[in-house]
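Beneath this line is the structure, given in structure tokens, with notes to follow.
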Amino acid sequence: MSKKIIVLGGTGESGRRIIHLLSARHPDLKLSCAARRTPKAGVIPDHIEYVAFDINDQAKSIETLQQFNLAVIALGPMDKFAMQAHQLCLSANIDAVDINDSLHAAEQVLTLNTEAKSKQRLLLTGMGFSPGISTLLLTELAHKKASAKGHYQCRLYMGAAYGGGETSPQAILAS
Numbered sequence: 005m006s007k008k009i010i011v012l013g014g015t016g017e018s019g020r021r022i023i024h025l026l027s028a029r030h031p032d033l034k035l036s037c038a039a040r041r042t043p044k045a046g047v048i049p050d051h052i053e054y055v056a057f058d059i060n061d062q063a064k065s066i067e068t069l070q071q072f073n074l075a076v077i078a079l080g081p082m083d084k085f086a087m088q089a090h091q092l093c094l095s096a097n098i099d100a101v102d103i104n105d106s107l108h109a110a111e112q113v114l115t116l117n118t119e120a121k122s123k124q125r126l127l128l129t130g131m132g133f134s135p136g137i138s139t140l141l142l143t144e145l146a147h148k149k150a151s152a153k154g155h156y157q158c159r160l161y162m163g164a165a166y167g168g169g170e171t172s173p174q175a176i177l178a179s
């Protein structure tokens, strides 16, 4: 049975990139794009299902999330939503991973750790493009020995153009 993944905030800048990446690399996944408004033509691939999702409608959100195995949380800004989506995922009894770049939001998400463990659920926070997703992709390439020379590089672009969070400057300096 194929895994069903919903990308919350799937029509935003990061959400769209996640959907395109997962769709291209893992065509066997059943991906859905969740957002408040129907995306314009061409924003997401035609084969990706759009799901209307209003995070403020708790009952409907939980009902929607229960249809999936995993939620990728790309809602933003993370400071505004903090742990709201994660709590909905726990209530729906599914795993969640976010691309959070806010220390404030991460602290709130971590307060749900005990509840997540008791439900045998994973709530992963701070898995942004760097060091999170980009590091995982580089690790995958290294394990496959994709480079004949054994060298792997990643070019990173971060900043406020797309609303980079408070940890973005630290990530840039640490790179």
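Each residue of the sequence shown is one higher than the last, beginning at 5 in my numbering. C-beta atoms are modelled at their ideal positions from N, C-alpha and C, and glycine is treated no differently.
Please state whether the Cβ-Cβ distance between PHE57 and SER65 is less than 8 Å. yes
Beta bridge counterpart(s) of ILE77 as assigned by DSSP: LEU12, ASP102
Would you call the CB atoms of VAL55 and THR68 closer than 8 Å? yes
Buried or exposed by the 16-neighbour rule on C-beta atoms within 10 Å, applied to ALA165: The predicted position of ALA165 is uncertain, since its pLDDT is 44 and thus under 50; no value can be drawn from it.
Beta-carbon within less than 7 Å of LYS123's beta-carbon, same chain only, minus the 5 sequence neighbours each way: which residues are those? LEU94, ASN97
Short check: CB of SER27 to CB of ILE52, under 8 Å? yes
Decide if HIS90 is buried, meaning its Cβ has at least 16 other Cβ atoms within 10 Å, or exposed. buried
With 16 other CB atoms within 10 Å as the buried threshold, where does GLN62 fall? exposed
Relative to the C-alpha of VAL76, which residue among LEU35, ALA45, LEU114, THR118 is closest? LEU35
Buried/exposed call for THR129, threshold 16 Cβ in 10 Å: buried
Classification of THR15 by the beta-carbon crowding that lies within 10 angstroms, buried from 16 upward: buried
GLN112, buried or exposed, once every other Cβ within 10 Å from all chains shown has been counted against 16: buried
Sub-8 Å separation of ALA109 and VAL11 beta-carbons: no
If we count the other Cβ atoms within 10 Å of its Cβ and call it buried at 16 or more, is ARG20 buried or exposed? buried
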